[in-house]
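2 protein chains.
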Amino acid sequence: MAVYSFASGPSALPREVVAELASDVGNYGGSELSALELPFSEGVFSDILAETECDLRALLGVPPNYRVLFLQGGASAQFALLPMNLLGRGRHCEYVLGGHWSRRAAAEASRAADVWVIASGDGRSLPDPKSWRRSSDAAYCHYTTNETADGLQFHTLPDPFDVPLVSDMTADLLTRGLSVERFGLIYASAQKNLGAAGLTLVIVREDLLGRARRDTPAPFDYTRQAEAASKINTPPTFSVLIAHRMLRWLQNNGGVVAAERRSKAKCEKLYEVIDRDDFYCCPASLPHRSRLNVCFRLSSPRLEEMFLDEAKANGFVHLNGHRDVGGIRASLYNGVSEQAVDALVAFMTNFKLRRG
Amino acid sequence: MAVYSFASGPSALPREVVAELASDVGNYGGSELSALELPFSEGVFSDILAETECDLRALLGVPPNYRVLFLQGGASAQFALLPMNLLGRGRHCEYVLGGHWSRRAAAEASRAADVWVIASGDGRSLPDPKSWRRSSDAAYCHYTTNETADGLQFHTLPDPFDVPLVSDMTADLLTRGLSVERFGLIYASAQKNLGAAGLTLVIVREDLLGRARRDTPAPFDYTRQAEAASKINTPPTFSVLIAHRMLRWLQNNGGVVAAERRSKAKCEKLYEVIDRDDFYCCPASLPHRSRLNVCFRLSSPRLEEMFLDEAKANGFVHLNGHRDVGGIRASLYNGVSEQAVDALVAFMTNFKLRRG
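Respectively, the protein sequence lines represent chains H and B. Positions 1 to 356 (the numbering used here) are the ones given, in order, by the first sequence. Positions 357 to 712 (the numbering used here) are the ones given, in order, by the second sequence.
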């Protein structure tokens, strides 16, 4: 039986990438050594790291005045490291609260910084960027492009403004076209669209470097890591290789343009089943629905449990909603195939016929 | 041709573990999913994490009043996180400078804390613990048990004292018997004796929790991670599985007692060749020689280069010394087999015959 994961993270990987990585672990490139054994300071790994950065720059169109950092700790670590690195002396930072993860980002930042909340959502929709109460003297303005727990996503960019825009794109980086130059800093942990857990990308405009607090730990100091080509200490070498394989896979499958087309097609199929009648119900408001996390409910907790159990028995795993939210969530990151979504649509249609 | 890695990190893994992990990546436990795709919040990964902790506790004899944390960022991140987590208000911390890595640990801590250097080595030997100028009111006393760049190792423990002993054991954890109860905190990144890069272990006595500075990032706050069973955010799931496989391998191969026997046997064979005459020369003083990093020189840089080139051509890779030190270094972590060492001994003997 085919098994399809719709996990929110670590997420599904394309089967071709899984096969490549299994071979890399067994015997990397005919070296008779495992990819897990590559020393980080030698040429082979340095080449992997350089190629990974190069591919990422090409896929996203990262301008030359931006640095790409390969860090550890996940996006949650960045929540605290952003103010340590970017705040400078005596300034405040602005946060847009659109859902679970941006609230966590703001809460974590507020333990080290003066955080001004400039807009909030209502759980079902996101605050329109035109309504954000931005000031011209903030150190940065933070928002989360996609709220994975709530199933919400911004589909428009804020207007250009003086204050650097900082964005957590963990959930949607590399799933749609992106104007990097509209942002001061973009960060994303890799376990959704770019491979397995343990790697965090930071893309930062050069003029924002040099502002870190003196006690920022060296491996998390953007400036020092930029100077050291992300090799201040041992990077998560195998996680970088996974990202490398994922980026090559994206390149070989039409780049970000095709990834966006697939992303739209996958979520539209699911929302179509959900919207057909009121057996399934999606709480997210239409203009803010996430392409990556299709969150929906059934009429009772008992029916939801039955859905999850039967789905699992049929090979559709990790469909449970975020632990703080409940319900059902199908995460459709880059590694989830259209075939997996078609199979899930058939299951959902059939389940409704039997239980509706 | 067999290829043997003597890398300082990520280090060699036992071939059985490599084969298991390649299979885990391809299809984990017959699940039809890759181990890279295991969601961190579900039962399968939670079981892996719990078993890993349990095996580590059993192998090292970790007392019940110690917590085991699975973090990211490497030992270098801990250099800065130790004072953030342990210092408390207005106190100082003590550092013993035995070599390259303890100097880096102290330098990093001093950007956030009042660091007192209480003993220093001379590059060839380590300062006798009886000579450390310890005070009774320090928040903690830090030393590095094995200096990987210098090839030095402490073979005796400091006498018991009021101030908690904090130790970087990245290089020698699980290579010899250990009285955990003599330490307040032990930390080690995993890429030497416990698998691949991306995972850092912290073993901390419970009474040292609750002292973190308010702005310590949540994923690096020992207390909050202890409360969250190391799952405040997505842990480096595959790196935890690698550690799990390595710990089981250690258990199946006689535990720490046998690991210590192998560790002694491996380094003794190399030191024996080196000490036979003055063709090879080990700068480390006899009582402080490291069992894990056998560092040696030849009579000229040209001869050292020739040695490294011929070694590589014969399948002995990653034998170069630390970039700040030079020379030759054979790292003999748990994953390096006695067979690999025997082969290297034969090569070194032969090289001397031809070039001596």
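For every residue, glycine included, the Cβ atom is placed at its ideal position computed from N, Cα and C.
Please classify H/GLY198 as buried or exposed, where buried requires at least 16 other C-beta atoms within 10 Å of its C-beta.
Counting Cβ neighbours within 10 Å, H/GLY198 comes out buried, since at least 16 surround it.
So, with DSSP's three-state summary, where would you put B/GLN509?
B/GLN509 falls in the strand class under three-state DSSP.
Of all the options B/PRO483, B/GLY444, B/ALA433, which has the alpha carbon lying nearest to the alpha carbon of B/SER643?
Residue identity check: residue 643 of chain B is Pro in the sequence provided, not Ser. Ranking the options by Cα distance to B/PRO643, first place goes to B/PRO483.
For the segment 158-219 of chain H, which segments carrying the beta strand (DSSP E) assignment without a break, of at least 3 residues, lie completely within its bounds, in sequence order?
The qualifying runs are 165-168, 185-189, 200-205.
Quick one: what does DSSP say H/VAL328 is sitting in, helix, strand or coil?
Strictly speaking, residue 328 of chain H in this sequence is Ile, with Val absent from that position. Here H/ILE328 sits in strand by DSSP.
Taking only the alpha-carbon atoms, compute the straight-line gap between H/ASP275 and H/LEU152 and give it to the nearest angstrom.
Rounded to whole angstroms, H/ASP275 to H/LEU152 spans 16 Å at the Cα level.
The segment 314-332 of chain H: which residues have C-beta closer than 7 Å to a C-beta of chain B, in chain order?
Cβ contacts with chain B come from HIS318, ARG323.
What would DSSP say about H/CYS267, mapped onto helix, strand or coil?
The answer is helix: DSSP assigns H/CYS267 an H, G or I state.
In three-state terms, what does DSSP make of H/TYR28?
Note: H/TYR28 maps to helix in three-state DSSP.
Apart from the five residues just before and just after B/LYS708, which ones in its own chain have a Cβ nearer than 7 Å to its Cβ?
Contacts found: PHE635.
Listing by chain order, which chain B residues have their CB less than 7 Å from the CB of H/SER5?
By Cβ distance, chain B contributes LEU389, GLU393.
If you measure between the beta carbons of B/ALA358 and B/GLY691, is that distance less than 9 Å?
No, Cβ-Cβ distance for B/ALA358 and B/GLY691 is not below 9 Å.
Whole angstroms is fine: what's the gap from H/GLY321's alpha carbon to H/ARG262's?
The straight-line gap from Cα to Cα measures roughly 23 Å.
Could you have a look at H/PHE316 and say whether DSSP puts it in helix, strand or coil?
Reduced to three states, the DSSP call for H/PHE316 is strand.
Which first and last residues belong to the beta strand (DSSP E) in which B/PHE426 is found?
Start and end: 422-427.
Does B/GLY444 get closer than 9 Å to chain H when you measure Cβ to Cβ?
No, because no Cβ of chain H sits closer than 9 Å to the Cβ of B/GLY444.
Buried or exposed, going by whether 16 or more other CB atoms sit within 10 Å of the CB of H/GLY195?
Buried: at least 16 other Cβ atoms inside 10 Å.
Tell me, please, which residues DSSP counts as bridged to H/GLU37.
Looking at the DSSP assignment, H/GLU37 forms no beta bridge with any residue, so it has no partner.
Is it buried or exposed for H/ALA346, if we count other Cβ within 10 angstroms and need 16 for buried?
That one is exposed.
Give the straight-line distance between the Cα atoms of B/TYR451 and B/GLY444, rounded to the nearest whole angstrom.
When rounded, the distance between both Cα atoms is 17 Å.
What does the alpha-carbon distance come out to for the pair H/LEU165 and B/ALA375?
The alpha-carbon atoms of H/LEU165 and B/ALA375 are separated by roughly 46 Å.
Just the C-alpha distance for B/ASN549 and B/LEU659, rounded to the nearest angstrom, thanks.
Cα to Cα, B/ASN549 sits roughly 31 Å from B/LEU659.
I'd like to check one pair, H/LEU209 with H/THR223: are the Cβ atoms closer than 9 Å?
Result yes, Cβ atoms of H/THR223 and H/LEU209 sit closer than 9 Å.
Quick one: what's got a C-beta closer than 7 Å to B/ALA391's C-beta in the same chain, skipping five residues either side?
Same-chain partners within the cutoff: ASP380, VAL381, TYR384, PHE594, LEU597.
Consider the Cβ of B/ASN713: report whether some Cβ of chain H lies at a distance smaller than 9 Å.
The structure shown does not extend to residue 713 of chain B, since chain B spans only 357 to 712, so no value can be given for it.
Using CA coordinates, which residue listed in B/LEU603, B/LEU675, B/ASN589, B/ARG570 is at the minimum distance from H/SER8?
Looking at the Cα atoms, B/ASN589 is the closest of the given residues.
List the residues of chain B that H/PRO219 touches, going by C-beta distances under 7 Å, in chain order.
Those within 7 Å of H/PRO219 in chain B are GLY429, GLY430, SER432, ALA433.
Tell me which same chain residues have a C-beta within less than 8 Å of the C-beta of H/HIS244, skipping the five on either side of it?
Excluding residues within five positions, the ones whose Cβ falls inside 8 Å are ILE48, GLU51, THR52, ASP55.
Got a sec: which bits of the segment 38-61 of chain H sit with their beta carbon under 8 Å from any beta carbon on chain B, in order along the chain?
Residues passing the 8 Å Cβ filter: LEU38, PRO39, PHE40, SER41, GLU42.
Which of the three DSSP states, helix, strand or coil, is assigned to B/HIS448?
Strand, per DSSP.
Which residue spans inside the segment 445-500 of chain B form an unbroken beta strand (DSSP E) run of at least 3?
Qualifying beta strand (DSSP E) stretches, in chain order: 448-453, 470-476, 497-500.
At 9 Å on the CB atoms, spell out the chain H contacts of B/THR346, in chain order.
The question about residue 346 of chain B has no answer here: the residues shown for chain B are numbered 357 through 712.
Just the Cα atoms here: how many angstroms apart are B/MET704 and B/HIS511?
The straight-line gap from Cα to Cα measures roughly 27 Å.
Using 8 Å as the cut-off, can you tell me whether the segment 245-259 of chain H makes contact with the segment 160-178 of chain H, which would need three or more C-beta pairs spanning the two stretches below that distance?
At 8 Å Cβ cutoff, the stretches touch.
Is the Cβ of B/ASP571 closer than 9 Å to any Cβ of chain H?
Taking Cβ atoms only, chain H reaches closer than 9 Å to B/ASP571, which makes this a yes.
Given H/PRO158, which residues of its chain have a CB within under 6 Å of its CB, disregarding the five upstream and five downstream residues?
The answer, listed in chain order, is PRO129.
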